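Peer 1:
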Amino acid sequence: MLRNVERALKDSQLKYDVKDDGNIFLGAMGDDLPINMAIIADDGNLTLNIYCFLMFEIPDSFKDKMIGELNTVNNTINNGSFFMTDDESRICFKIVQSYYDHVPSPKMIQNLVMIAFKTVDVNDGKLKNLIPAGVLRKDVMYN
């Protein structure tokens with residue numbers, strides 16, 4: 514699986530890091546904020562998990578409003594979903610691809626990575642704009 518993921522990323526000319534545990538991390542620039550991605554092969558469940566992390570924090574006072582908006586956005590997209598747990602102050606987008614009978618091809622992985630980046634890029638501005646500018650906390654790395 515890792516070989517197919519690396520080939521897909523190389524074919525897309527994306528720079529990435531492979532950690533000791535085999536997880537892959539990369540990033541891309543969205544319209545106004547970067548998007549970080551983690552690609553994790555779950556061999557036990559035979560899934561390829563793609564996570565995109567939006568690079569702004571959700572203040573506690575806006576979490577309930579944001580969860581409602583995430584549900585609305587999730588009903589408009591066909592692949593993947595946005596989520597935020599109670600103990601996190603960030604939004605994540607996730608695509609899970611099962612590979613029960615065969616490992617996804619590099620081309621399929623390439624498409625999934627691009628779908629994830631595009632879906633986040635299309636929706637992150639709308640989500641970020643729900644938070645008043647004076648309250649919005651971008652990742653300190655990008656202030």
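With my numbering applied, the sequence shown corresponds to residues 514 to 656, in that order. All C-beta atoms in this analysis are idealised placements derived from N, C-alpha and C, irrespective of residue type, glycine included. As the structure is a computational prediction, the values presented were derived from the model and not from experiment.
Roughly how many angstroms lie between the CA atoms of Phe596 and Arg516, to the nearest whole one?
Peer 2: Position 83 of the sequence shown, counted from the first residue, corresponds to residue 596. Position 3 of the sequence shown, counted from the first residue, corresponds to residue 516. So the alpha carbons of these two residues sit roughly 29 Å apart.
Peer 1: With hydrogens ignored, establish whether the beta-carbon of Pro572 is closer than 8 Å to any heavy atom of the ligand HEM.
Peer 2: Among the ligands in the structure shown, none appear at all, so the ligand HEM cannot be discussed.
Peer 1: Find the nearest neighbour of Tyr613 within the set Gly557, Leu527, Val635, Ile553, judged by alpha-carbon distance.
Peer 2: For the purposes of this step, residue 613 is taken as residue 100 along the sequence shown, with counting starting at 1. That would be Gly557, whose Cα lies nearest to the Cα of Tyr613.
Peer 1: So, under 8 Å CB-CB, Gly593 and Ile604 are touching, yes? Tell me the CB distance rounded to an integer number of Å.
Peer 2: Translated into positions along the sequence shown, residue 593 becomes position 80. Translated into positions along the sequence shown, residue 604 becomes position 91. Not a contact, Cβ separation roughly 12 Å.
Peer 1: Give the DSSP-derived three-state secondary structure of Asp533 in the structure shown.
Peer 2: Taking the sequence shown and counting its residues from 1, the one referred to as residue 533 is at position 20. Coil at Asp533, not helix or strand.
Peer 1: Looking at Leu567: is its Cβ nearer than 9 Å to the Cβ of Ile580?
Peer 2: Residue mapping note: residue 567 aligns to position 54 of the sequence shown, counting from 1. Residue mapping note: residue 580 aligns to position 67 of the sequence shown, counting from 1. Judged by their CB atoms, Leu567 and Ile580 are not nearer to each other than the 9 Å cut-off.
Peer 1: Nearest-angstrom Cα distance between Met542 and His615?
Peer 2: In the sequence shown, residue 542 corresponds to position 29, counting from 1. In the sequence shown, residue 615 corresponds to position 102, counting from 1. If I take the Cα positions, the gap works out to 32 Å.
Peer 1: Please classify Asn636 as buried or exposed, where buried requires at least 16 other C-beta atoms within 10 Å of its C-beta.
Peer 2: One-based indexing of the sequence shown puts residue 636 at position 123. When all chains shown are included, Asn636 counts as buried.
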